[in-house]
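Engineer:
Number of protein chains: 2
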Amino acid sequence: MPESPIRKLVPYAEEAKKRGVKVFHLNIGQPDIATPKVALDAVKNNDISVLSYARSEGSEEYRKKLSAYYRKNDIDVTEKDIIITTGGSEALLFTLGSITDFGDEIIIPEPFYANYNGFSVANGIKVVPIVSSIDNDFALPPIENFEALITEKTKAILICNPGNPTGYLYSKSELIKLKELALKHNLFLIADEVYREFVYDGVKHHSIMSLDGLEENAIVIDSVSKRYSMCGARIGCIVSKNKALIGTALKYAQARLSSPSYALLASEAALETPQSYFDKVIEEYDERRQLLISELEKIDNLKVSKPKGAFYCMAELPVKDADKFAQWMLEKFSDKGETVMVAPASGFYSTEGSGKNQIRIAYVLNKESLIRSVELLKLALEQYPD
Amino acid sequence: MPESPIRKLVPYAEEAKKRGVKVFHLNIGQPDIATPKVALDAVKNNDISVLSYARSEGSEEYRKKLSAYYRKNDIDVTEKDIIITTGGSEALLFTLGSITDFGDEIIIPEPFYANYNGFSVANGIKVVPIVSSIDNDFALPPIENFEALITEKTKAILICNPGNPTGYLYSKSELIKLKELALKHNLFLIADEVYREFVYDGVKHHSIMSLDGLEENAIVIDSVSKRYSMCGARIGCIVSKNKALIGTALKYAQARLSSPSYALLASEAALETPQSYFDKVIEEYDERRQLLISELEKIDNLKVSKPKGAFYCMAELPVKDADKFAQWMLEKFSDKGETVMVAPASGFYSTEGSGKNQIRIAYVLNKESLIRSVELLKLALEQYPD
Numbered sequence: 094m095p096e097s098p099i100r101k102l103v104p105y106a107e108e109a110k111k112r113g114v115k116v117f118h119l120n121i122g123q124p125d126i127a128t129p130k131v132a133l134d135a136v137k138n139n140d141i142s143v144l145s146y147a148r149s150e151g152s153e154e155y156r157k158k159l160s161a162y163y164r165k166n167d168i169d170v171t172e173k174d175i176i177i178t179t180g181g182s183e184a185l186l187f188t189l190g191s192i193t194d195f196g197d198e199i200i201i202p203e204p205f206y207a208n209y210n211g212f213s214v215a216n217g218i219k220v221v222p223i224v225s226s227i228d229n230d231f232a233l234p235p236i237e238n239f240e241a242l243i244t245e246k247t248k249a250i251l252i253c254n255p256g257n258p259t260g261y262l263y264s265k266s267e268l269i270k271l272k273e274l275a276l277k278h279n280l281f282l283i284a285d286e287v288y289r290e291f292v293y294d295g296v297k298h299h300s301i302m303s304l305d306g307l308e309e310n311a312i313v314i315d316s317v318s319k320r321y322s323m324c325g326a327r328i329g330c331i332v333s334k335n336k337a338l339i340g341t342a343l344k345y346a347q348a349r350l351s352s353p354s355y356a357l358l359a360s361e362a363a364l365e366t367p368q369s370y371f372d373k374v375i376e377e378y379d380e381r382r383q384l385l386i387s388e389l390e391k392i393d394n395l396k397v398s399k400p401k402g403a404f405y406c407m408a409e410l411p412v413k414d415a416d417k418f419a420q421w422m423l424e425k426f427s428d429k430g431e432t433v434m435v436a437p438a439s440g441f442y443s444t445e446g447s448g449k450n451q452i453r454i455a456y457v458l459n460k461e462s463l464i465r466s467v468e469l470l471k472l473a474l475e476q477y478p479d
Numbered sequence: 094m095p096e097s098p099i100r101k102l103v104p105y106a107e108e109a110k111k112r113g114v115k116v117f118h119l120n121i122g123q124p125d126i127a128t129p130k131v132a133l134d135a136v137k138n139n140d141i142s143v144l145s146y147a148r149s150e151g152s153e154e155y156r157k158k159l160s161a162y163y164r165k166n167d168i169d170v171t172e173k174d175i176i177i178t179t180g181g182s183e184a185l186l187f188t189l190g191s192i193t194d195f196g197d198e199i200i201i202p203e204p205f206y207a208n209y210n211g212f213s214v215a216n217g218i219k220v221v222p223i224v225s226s227i228d229n230d231f232a233l234p235p236i237e238n239f240e241a242l243i244t245e246k247t248k249a250i251l252i253c254n255p256g257n258p259t260g261y262l263y264s265k266s267e268l269i270k271l272k273e274l275a276l277k278h279n280l281f282l283i284a285d286e287v288y289r290e291f292v293y294d295g296v297k298h299h300s301i302m303s304l305d306g307l308e309e310n311a312i313v314i315d316s317v318s319k320r321y322s323m324c325g326a327r328i329g330c331i332v333s334k335n336k337a338l339i340g341t342a343l344k345y346a347q348a349r350l351s352s353p354s355y356a357l358l359a360s361e362a363a364l365e366t367p368q369s370y371f372d373k374v375i376e377e378y379d380e381r382r383q384l385l386i387s388e389l390e391k392i393d394n395l396k397v398s399k400p401k402g403a404f405y406c407m408a409e410l411p412v413k414d415a416d417k418f419a420q421w422m423l424e425k426f427s428d429k430g431e432t433v434m435v436a437p438a439s440g441f442y443s444t445e446g447s448g449k450n451q452i453r454i455a456y457v458l459n460k461e462s463l464i465r466s467v468e469l470l471k472l473a474l475e476q477y478p479d
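These protein sequence lines map, in sequence, to chains C and B. The first sequence runs 94 to 479 under our numbering. The second sequence runs 94 to 479 under our numbering.
1) For B/LYS401, count neighbouring Cβ atoms within 10 angstroms of its own Cβ and tell me buried if that reaches 16, exposed if not.
2) Cα-Cα, which of B/PHE426, B/GLU377, B/THR178 is closest to B/SER466?
3) Any idea which residues DSSP pairs C/ALA284 with across the strands?
4) Does the Cβ of C/PRO104 have 16 or more other Cβ atoms within 10 Å, making it buried, or fewer, making it exposed?
5) First and last residue of the alpha helix (DSSP H) that includes B/ALA419?
6) If contacts are defined as beta-carbon pairs under 8 Å, then B/ASP197 and B/LYS246 qualify, I think. What distance do you get, rounded to the angstrom?
7) Is there a Cβ from chain B that is less than 8 Å from the Cβ of C/GLN368?
8) In the structure shown, what three-state DSSP assignment does C/ARG112 receive?
9) To test your reading of the DSSP string, which unbroken beta strand (DSSP E) runs of 3 or more residues are found completely within the region 375-461 of chain C?
10) Under a three-way DSSP split, which group does C/PHE117 fall into?
11) Run down chain B in chain order and give the residues with a C-beta less than 7 Å from the C-beta of C/ARG148.
12) Assuming B/LEU343 and B/SER149 form a contact by the criterion Cβ under 8 Å, report the distance between their Cβ atoms to the nearest whole angstrom.
13) Put B/GLY211 into one of helix, strand or coil per three-state DSSP.
14) Assess contact between the region 307-323 of chain B and the region 320-337 of chain C, defined as three or more Cβ pairs (one per stretch) separated by less than 8 Å. Is contact present?
15) So that I know if they touch, is there some Cβ in chain C lying closer than 8 Å to that of B/ASN335?
16) Output needed in chain order: residues of the region 312-341 of chain B with a Cβ under 7 Å from some Cβ in chain C.
17) Quick one: is B/LYS137 near chain C, going by C-beta distance under 8 Å?
18) The region 143-173 of chain C: which residues have C-beta closer than 8 Å to a C-beta of chain B, in chain order?
19) By alpha-carbon positions, which one of C/GLU286, C/ALA147, C/GLU388 ends up nearest to C/LEU262?
20) Please report the distance separating the alpha-carbon of B/GLY329 from that of B/VAL136.
21) In the DSSP assignment, find the unbroken beta strand (DSSP E) run with C/GLU198 in it and report its ends.
22) Identify the residues that DSSP records as bridge partners of C/GLY329: which are they?
23) Taking the alpha carbon of C/GLU250 as the reference point, which residue from C/THR259, C/TYR163, C/LEU268 has its own alpha carbon closest?
24) If the criterion is Cβ atoms closer than 8 Å, does the pair C/GLY306 and B/TYR146 meet it?
25) Classify C/GLN476 as buried or exposed, calling it buried when 16 or more other Cβ atoms lie within 10 Å of its own Cβ.
26) Does the region 394-409 of chain B come close enough to the region 432-451 of chain B that 3 or more CB-CB pairs lie under 8 Å?
27) Compare the C-beta of C/GLU240 with all C-beta atoms of chain B and state if any pair is closer than 8 Å.
28) Would you say the region 107-116 of chain B touches the region 437-446 of chain B, given that touching needs at least three Cβ pairs under 8 Å?
29) Could you have a look at B/THR62 and say whether DSSP puts it in helix, strand or coil?
30) Assuming B/VAL131 and B/ALA362 are in contact, meaning their beta carbons sit under 8 Å apart, how far apart are those beta carbons, in whole angstroms?
31) Which residues of the region 106-127 of chain B have a Cβ closer than 9 Å to any Cβ of chain C? Give them in chain order.
32) Are C/PHE404 and C/ALA455 touching if we call contact CB-CB under 8 Å?
33) If you count every other CB in all the chains shown that lies within 10 Å of the CB of B/THR128, and 16 or more means buried, which is it?
34) Could you confirm whether any beta carbon from chain C is found closer than 8 Å to the beta carbon of B/PRO104?
35) Determine whether the beta carbon atoms of C/ALA348 and B/PHE212 lie at a separation below 8 Å.
36) For C/TYR345 and chain B, any beta-carbon pair shorter than 8 Å?
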């Protein structure tokens, strides 16, 4: 199993804190947003006396309610097309396990969520990266580039939409290109859509599940973690009309018996979250996003991609090695007893040496902290000796 | 992924219920025992407002408290020797992933917990079974039989102690034989000890972690599921002094981010469960065990193994095919509108054709229901046409 460059920085952050330095965390995907009250209350007011196993694939009631949520989002599925999992992580693990054999390949546009690599290694499969560029905000690479990478071992293309770490939102026409390629070569198209709600500038999110003709090839990975700021619940799901995939994933689910029962209570209740909650949360993220981008753009020689979704943005720094720079900010730099931790992007690339001067910034801090964090980043770049 | 014979019976049980037949479930490992109040209350009284990720390996505080629990059980470990997992299932999945490569082998005495096979398949490794016999209550097979199966691909021996499905409790001298073999061939000895507390007849449970000299080779799989009747929590752990194993398992834990936060609250609080709770629960299980055995022994031509631990027992029926018989009891048999569901043992054997006339009975029902269940089994055997 590979270790992520972010994890490698954690001891340096801990050391900085021991020295009394305040560290602003732009490195993590843990939102500071409150979980909906309806979900918290469902757990507080539970009347469980024997904390029993839940049904391996999730209760019929929860899956029925979930399918109503999907139908509201132009995803026409029933409870039979859903397997509840222990987080989006497990959804991906079961999906990869179900559709690949040892030595198979999946194609993923990079930069990509670092754990995609970990789950692939755990399943004995090979990630074939396809580079996307900060110069067009990490738009879909030319479809010919995908096609050139397809071998007889290729089983799927995996995208994250909106993207972690890029914040890129694929357009419908980009998704249609992927669909046509998947159908032509009989590949699965897997989309991690856990940030579905977090889109800005009035742009609409399109799910791969709403693409006509892709029914047998489309697999959606989902999770309550970001949607309801419930990262600690560990509830997600696999959504697909492909019955063979759902059948195999069910066997994986049965082998691990059950998802966590308290978290299932919270997740089912979370479906009752009022729209006003999302309106407020999305407004907050959007304000942070705009603030962050405008502050970052003030820094000389820094290139920033404008995210259309999720709560991350990628920036290219005027340094050779962002891993070393990020470590230096924790080890050697501080201003008025404060510093900032960012995620070096090297962990999001699987092509050796790619993204060495890039970082990912998560806008999961309040606006005041964001402004100060970017100021610290600016000062650090000015003082960085390399 | 293989499908268990128990799962195959579920639709027949559902059909029986639809016909209005009451089904006594002797087939499952879900106890009817109440979860300790201290654990339930910790969740009811939680003050979480943002349901955040927990630390991937579990909080230091929880692991410190857990290590105190282990020390009380003659297992001398610290928080550094523990990785918290999402159930015992995940503990085993991470352990197998950490110590094996594709195509490696692990030796398991059979009958064994069916999901060991599923987790092995998921990790691309081969289960090499070694047969144990109902005639000596499934005691450890001769150690030469283990040794004869060791190849250069063998990475570990896996035992369940006390055993599911056998109820067998390994003696200290049996464990020492396994230790010597593991050391001689540099194998891991993995023990699933989730039923540690459930031992009867005044016999003591010995952990493989308390065997001198095995420190680098011993890995314990544990879980709160059975101990505190918290199967739905999905919290377990890996315990080992082997730092390389713990380091690799940590990477698996980081890839899936976190165990479920509410369940962690409950599990940490459960460590405060008073001894009186266990005394009462063990007394209850012991009474059921003795009652079940004496009732079963009244049935002609039925052979029953006497369990010393856990809450299962194995029985050999005077039928050719227990899978068919179990299905027949659900499909065709009832007495006064009642029938019984048992677990055919074929799913606990990996040697084709083994255990065909055996079943596993879980004594997770109250005494009255147990008596009636065995009566139903007796009547069914009398009426079974095959």
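All C-beta atoms in this analysis are idealised placements derived from N, C-alpha and C, irrespective of residue type, glycine included. Note that the structure is a prediction, hence the values are computed from the model and not measured.
Structural biologist: Result, derived from the coordinates:
1) Taking all protein chains shown into account, B/LYS401 has 16 or more neighbouring C-beta atoms within 10 Å of its C-beta and is therefore buried.
2) B/SER466 has its Cα closest to that of B/PHE426, out of B/PHE426, B/GLU377, B/THR178.
3) Residue pairing of C/ALA284 in beta bridges, as defined by DSSP: C/ILE252, C/VAL313.
4) Taking every protein chain shown into account, the CB of C/PRO104 has fewer than 16 other CB atoms within 10 angstroms, so this residue is exposed.
5) Counting along the chain, the alpha helix (DSSP H) containing B/ALA419 begins and ends at 415-424.
6) With a Cβ gap of about 5 Å, B/ASP197 and B/LYS246 count as contacting.
7) It does not; no Cβ of chain B falls within 8 Å.
8) In the three-state DSSP reduction, C/ARG112 falls in the coil class, being neither helix nor strand.
9) For the region 375-461 of chain C, the continuous beta strand (DSSP E) assignments of 3+ residues that do not extend past its boundaries occur at 405-409, 431-434, 451-455, in sequence order.
10) In this structure, C/PHE117 counts as strand in the three-state DSSP scheme.
11) Within chain B, no C-beta atom comes less than 7 Å from the C-beta of C/ARG148; the nearest is roughly 10 Å away.
12) The C-beta separation of B/LEU343 from B/SER149 comes to about 7 Å, placing the pair in contact by the 8 Å criterion.
13) When DSSP states are grouped into helix, strand and coil, B/GLY211 belongs to the helix group.
14) No contact exists between the region 307-323 of chain B and the region 320-337 of chain C.
15) No, B/ASN335 lies away from the interface with chain C (no Cβ there is under 8 Å from its Cβ).
16) Considering only beta carbons, the part of the region 312-341 of chain B lying closer than 7 Å to chain C consists of SER322, MET323, CYS324, GLY325, ALA326, ARG327, THR341, in chain order.
17) So yes, B/LYS137 belongs to the interface.
18) Cβ contacts with chain B come from VAL143, LEU144, SER145, TYR146, ALA147.
19) Answer by Cα proximity: C/GLU286.
20) The alpha-carbon atoms of B/GLY329 and B/VAL136 are separated by roughly 18 Å.
21) Residue range 198-203 is occupied by the beta strand (DSSP E) that includes C/GLU198.
22) The secondary-structure analysis by DSSP pairs C/GLY329 across a beta bridge with C/THR178, C/SER316.
23) Residue identity check: residue 250 of chain C is Ile in the sequence provided, not Glu. Per the Cα distances, C/LEU268.
24) Not a contact, by the Cβ cut-off of 8 Å.
25) Label assigned to C/GLN476: exposed.
26) Counting Cβ pairs under 8 Å, three or more are found: they touch.
27) Under the 8 Å criterion on CB atoms, C/GLU240 is classed as non-interfacial with respect to chain B.
28) Verdict: no, contact absent.
29) Any property of residue 62 of chain B remains undetermined from this structure, which presents chain B solely from 94 to 479.
30) The beta-carbon separation of B/VAL131 and B/ALA362, rounded to 5 Å, stays under the 8 Å limit for a contact.
31) Correct list: ILE121, GLY122, GLN123, PRO124, ASP125, ILE126, ALA127.
32) For C/PHE404 and C/ALA455, yes; Cβs fall inside 8 Å.
33) It counts as buried.
34) With 8 Å as the cut-off, B/PRO104 does not count as an interface residue toward chain C.
35) With a cutoff of 8 Å on beta-carbon distance, C/ALA348 and B/PHE212 are scored as near each other.
36) So yes, C/TYR345 belongs to the interface.
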